[in-house]
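Novice:
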Ligand SMILES: Cc1cc2nc3c(=O)[nH]c(=O)nc-3n(C[C@H](O)[C@H](O)[C@H](O)COP(=O)(O)OP(=O)(O)OC[C@H]3O[C@@H](n4cnc5c(N)ncnc54)[C@H](O)[C@@H]3O)c2cc1C
């Protein structure tokens, strides 16, 4: 079982957000090249869960932004796992995450 | 036995209760309901306050710089510190400081310098690596991680599962089989640095507890100098038994503290919530749930304080500590469950802390030795010998 989020990215458009419901979970945003520039979560205080968070992102991000998400009740530990995986794979966290996440991040060596 | 609090105990309890309600709970109002940490600047500010209160490092023995507070008073304070949303696994977000792993107090001077003191100063964190995929209840027989001597070093190979915080830790203690003996007499306890080659945290193990998650570790040819053996070779289980039993007391106290807070919420709610033209407080079915809660809280609290009192007097407290752990974790689960029932639909939501307590309380019957193992400990102490 892969612990990475591996489903294909989709364009962050209102059409693609229709099937995304108000559940709790995690998501990644990527630019048009598929380079991940943000990892976030829809937690217990998110209005309309993943749908609400991704709609807000759509309104704030530029054209060409892509997303993928995962419904997950354990969104905090999954979010931290995705941050650690990103750091393992790319050497650092995305800038926006760094500015929002003031805590020490753990170290994973997940293999491939 | 009389559990009338002394004037000093009452003063400390009131002070910590106020601290939780005026400093911790308001911060939680702005955090995600599953959050496990507060902002670093809040943490520093609150640590400054607990230092001024003279309570920083509670649980650290006075000879190592902790405040001189007996186990009974610490237990009374543990009841209070757990009374907020994250309180079960992160009481007061650790702003009262941590005592570190019990085993480290029996380390050599060199080991204390390198591992214990930095933990007490808040500079390093550690993990406790006992459980393996082959089992955690009876680790003496289940441990398959092997340690083989190579000159002055030991080479470790194996796997550990459910290890809390290994991904954040600077070091940990790891139990490995170092002789052909298939029982606990062949197991040694090693101090390992997490940046040593061969130490890998492979994944997060997602459980009901969403913060302070567990991890799975793989150990591949991890070379550990013999100076890093904690205690004696093949006697890894002999160290810190007394301190480990003692740890069951605050563990139980956390469950009881949460149950006390949940009961307070229930009593407040039944006095305002109306159904069928009357307050919930007037319904016998509800009254009985409140009474059952109180019985659960008082019996477990009583045993917990008895264990603490015995520890303070230097009496054997292993049976009472195991009983407190079992009673506290099971009573806590029942109380939170009833309080959720009383709150109806709201009890199921993340708007209230109950659903988090419900999930996390369930782990308390497994972690730190499941209920069945606590019964084994008590049976061994009561019957004596090795009828297990
Ligand atoms: C969230 C979480 C965090 C944890 N953190 C750590 C950690 O930091 N470090 C660490 O080392 N471990 C940790 N653990 C592991 C925990 O200590 C073990 O899960 C626990 O000891 C039980 O071991 P097991 O899961 O292998 O169950 P098993 O040993 O397989 O037991 C299965 C069940 O059988 C019962 N049982 C066993 N023997 C008997 C018997 N003789 N009679 C009747 N019933 C019996 C047990 O009580 C249990 O209910 C953590 C676990 C969790 C869930």
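Residue numbers (our numbering), protein chains in the order written: chain G, 1 to 112; chain X, 113 to 500. In this text, a Cβ means the ideal position worked out from N, Cα and C, and glycines have one as well.
1) Does the beta carbon of residue 238(X) sit closer than 8 Å to a beta carbon anywhere in chain C?
2) Tell me whether the beta-carbon of residue 453(X) lies closer than 8 Å to the beta-carbon of residue 409(X).
3) Any heavy atom of ligand 1 closer than 7 Å to the beta-carbon of residue 319(X)?
4) Kindly indicate which three-state DSSP category residue 353(X) falls into: helix, strand or coil?
5) For residue 53(G), go through chain X and note every residue whose CB falls closer than 9 Å to its CB, in chain order.
6) Examine ligand 1 and report whether any of its heavy atoms sits within less than 7 Å of the Cβ of residue 178(X).
7) Report the partner residues of residue 88(X) according to the DSSP bridge assignment.
8) Closer than 9 Å by beta-carbon distance: list the chain G residues that pair up with residue 491(X), in chain order.
9) How should residue 494(X) be labelled, buried or exposed, when 16 other C-beta atoms within 10 angstroms of its C-beta is the threshold for buried?
10) Rounded to whole angstroms, what's the CA-CA distance from residue 145(X) to residue 181(X)? Just pull it up for me.
11) May I ask whether a heavy atom of ligand 1 can be found less than 7 Å away from the beta carbon of residue 248(X)?
12) Can you give me the start and stop residues for the alpha helix (DSSP H) that residue 99(G) sits inside?
13) Excluding the 5 residues preceding and the 5 following residue 209(X) in the sequence, name in chain order all residues of the same chain whose CB lies nearer than 6 Å to its CB.
14) If you draw a straight line from the alpha carbon of residue 66(G) to that of residue 273(X), how long is it in whole angstroms?
15) Distance, Cα to Cα, residue 281(X) vs residue 91(G)?
16) With DSSP as the reference, please indicate the residues paired to residue 10(G) in a beta bridge.
17) Does DSSP classify residue 179(X) as helix, strand or coil?
18) Could you tell me the boundaries of the alpha helix (DSSP H) in which residue 454(X) lies?
19) Flag residue 362(X) as yes when its Cβ comes closer than 7 Å to any non-hydrogen atom of ligand 2, and as no otherwise.
20) Opposite residue 88(X) in the DSSP bridges: which residues?
21) Could you check which residue in 270(X), 345(X), 350(X), 342(X) has the C-alpha nearest to that of residue 312(X)?
22) Which runs of the alpha helix (DSSP H) at least 4 residues long sit entirely within the region 217-297 of chain X? Give them in chain order.
23) Please classify residue 130(X) as buried or exposed, where buried requires at least 16 other C-beta atoms within 10 Å of its C-beta.
24) Name, in chain order, the residues that DSSP records as bridge partners for residue 305(X).
25) Here's a check: name, in chain order, each residue in its chain whose Cβ is nearer than 8 Å to the Cβ of residue 106(G), leaving out the five neighbours to either side.
26) Is the region 427-439 of chain X close to the region 472-492 of chain X, with three or more CB pairs under 8 Å?
27) Measure from the C-beta of residue 103(G) to each C-beta in chain X and report whether the shortest distance is under 8 Å.
28) Would you kindly check if the distance between the Cβ of residue 184(X) and the Cβ of residue 356(X) is under 8 Å?
29) Look up residue 87(G) in the DSSP assignment and say whether it is helix, strand or coil.
30) Could you please give the first and the last residue of the uninterrupted beta strand (DSSP E) stretch that includes residue 28(G)?
31) Taking only beta carbons into account, state which residues of the region 265-280 of chain X come closer than 9 Å to chain G, listed in chain order.
32) Out of 336(X), 420(X), 351(X), which has the shortest C-alpha to C-alpha gap to residue 307(X)?
33) Tell me, please, whether the CB atom of residue 70(G) is closer than 8 Å to any CB atom in chain X?
34) Among 461(X), 455(X), 223(X), 275(X), which has the Cα closest to the Cα of residue 247(X)?
35) Residue 310(X) and residue 334(X) - do their beta-carbons sit closer together than 8 Å?
36) Examine chain X for any beta-carbon lying closer than 8 Å to the beta-carbon of residue 76(G), and answer yes or no.
Specialist: Let me spell this out:
1) Among the protein chains of the structure shown, namely G and X, there is no chain C.
2) no
3) yes
4) helix
5) At a C-beta separation below 9 Å, residue 53(G) has no neighbours in chain X, since its nearest C-beta there lies roughly 12 Å away.
6) no
7) The first residue shown for chain X is 113 and the last is 500, placing residue 88(X) beyond what the model contains.
8) Under the 9 Å cutoff, chain G gives no residues; its nearest Cβ is about 36 Å from residue 491(X).
9) With fewer than 16 other CB atoms across the displayed protein chains lying within 10 angstroms of its CB, residue 494(X) is exposed.
10) 32 Å
11) yes
12) Unbroken alpha helix (DSSP H) run through residue 99(G): 95-100.
13) 168, 169
14) 35 Å
15) 19 Å
16) 67(G)
17) coil
18) 430-454
19) No copy of ligand 2 appears in this structure; the ligands present are ligand 1.
20) In the structure as shown, chain X starts at 113 and stops at 500, and residue 88(X) therefore has no counterpart that could be examined.
21) 270(X)
22) The alpha helix (DSSP H) runs of length 4 or more contained entirely in the region 217-297 of chain X are, from start to end of the chain, 229-232, 251-254.
23) exposed
24) Under DSSP, the beta-bridge partners assigned to residue 305(X) are 283(X).
25) 80, 84
26) Contact between the region 427-439 of chain X and the region 472-492 of chain X is present, because at least three Cβ pairs lie under 8 Å.
27) yes
28) no
29) In the structure shown, residue 87(G) falls within a helical segment according to DSSP collapsed to helix, strand and coil.
30) 25-30
31) 277, 278, 279, 280
32) 336(X)
33) No, no contact with chain X.
34) 275(X)
35) Less than 8 Å separates the beta-carbon of residue 334(X) from that of residue 310(X).
36) yes
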